[in-house]
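Counting the sequence shown from 1 gives a position; our numbering is that position plus 8.
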Amino acid sequence: MEKEKLDSKIIVEYCNHAMDPSAENSMYVNKVWVQCESESCLKWRLLSSEDAARVDHNKPWYCFMNADSRYNNCSVSEEDFPEESQLHESGFKIVYSQLPLGSLVLVKLQNWPSWPGILCPDPFKGKYVIYDLDGNVEQYHIEFLGDPHSRSWINASFVGHYSITLKVGTVTS
9 MEKEKLDSKI IVEYCNHAMD PSAENSMYVN KVWVQCESES CLKWRLLSSE DAARVDHNKP
69 WYCFMNADSR YNNCSVSEED FPEESQLHES GFKIVYSQLP LGSLVLVKLQ NWPSWPGILC
129 PDPFKGKYVI YDLDGNVEQY HIEFLGDPHS RSWINASFVG HYSITLKVGT VTS
């Protein structure tokens with residue numbers, strides 16, 4: 009099977025909590041898959057959420073940047089990626105997000121200036137994303153920076169990495 013480089017760095021993140029509490033001790037809890045951007049590699053590597061938070065989304069990521077010495081070289085085989093059915097059987101749901109928990113983001117809502125915030129868990133729901141049945145993120149929970157702090161669930165289309173400039177014309181509604 010020929011590997012394909014994705015147009016943008018897509019990070020496939022597993023939920024912070026399994027749907028089934030017995031899966032909480034699994035090696036996939038709080039982990040993020042990242043693809044090496046070397047054209048001759050394109051392998052996926054499993055990073056801890058802490059290591060993934062240090063990934064600069066504006067720069068390419070390569071295997072040698074992996075903190076796990078077992079998988080920090082393109083010559084090393086790709087880690088086994090479980091079938092989606094295996095994950096579901098273990099109580100997991102795959103969520104497709106380019107913004108991991110703790111990301112500094114910029115929110116642009118119509119008739120409001122762009123404002124920075126941090127993706128953080130909702131204190132009542134305990135999660136930071138709401139996603140559809142296919143695992144696509146619909147909303148992020150954001151704590152806005154400033155005094156006083158405020159929190160809100162924001163539609164994913166209005167949220168971007170802080171370093172990315174959002175154009176006013178892209179906001180609809």
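The beta carbon of each residue, even a glycine, is placed where N, CA and C say it ideally should be.
Would you say residue i touches the ligand GTP, meaning its beta carbon is less than 7 Å from a heavy atom?
i      : result
His-65 : This structure does not include the ligand GTP; it has no bound ligands of any sort.
Using the three-state DSSP reduction, which class does residue i fall into: helix, strand or coil?
i       : result
Leu-153 : coil
Ser-77  : helix
Ser-171 : coil
Ile-162 : strand
Ends of the beta strand (DSSP E) at residue i?
i       : result
Ser-56  : 52-56
Tyr-70  : That residue, Tyr-70, is in no beta strand (DSSP E); it is neither H nor E in DSSP.
Val-103 : 102-104
Which whole-angstrom value is the C-beta distance of residue i and residue j, which I expect to be below 8 Å?
i       : j       : result
Leu-4   : Asn-74  : With the chain running from 9 to 181 in the structure shown, residue 4 is simply not present.
Val-63  : Val-103 : In fact, because the Cβ distance is near 17 Å, the residues do not count as touching under 8 Å.
Leu-112 : Tyr-170 : 4 Å
Phe-100 : Trp-52  : That pair is no contact at about 16 Å.
Leu-127 : Gly-110 : 6 Å
Would you give the residue range spanned by the alpha helix (DSSP H) that residue i belongs to?
i      : result
Leu-95 : 92-97
Name the one or two DSSP bridge partners that residue i has.
i       : result
Ile-112 : It should be noted that the sequence gives Leu, not Ile, for residue 112. Leu-112 pairs with Ile-126.
Lys-133 : Bridge partners of Lys-133: none, in fact.
Val-42  : Arg-53
Val-145 : Tyr-139
Inter-stretch contact (C-beta, 8 Å, three-pair minimum) for the region 143-162 and the region 92-111: yes
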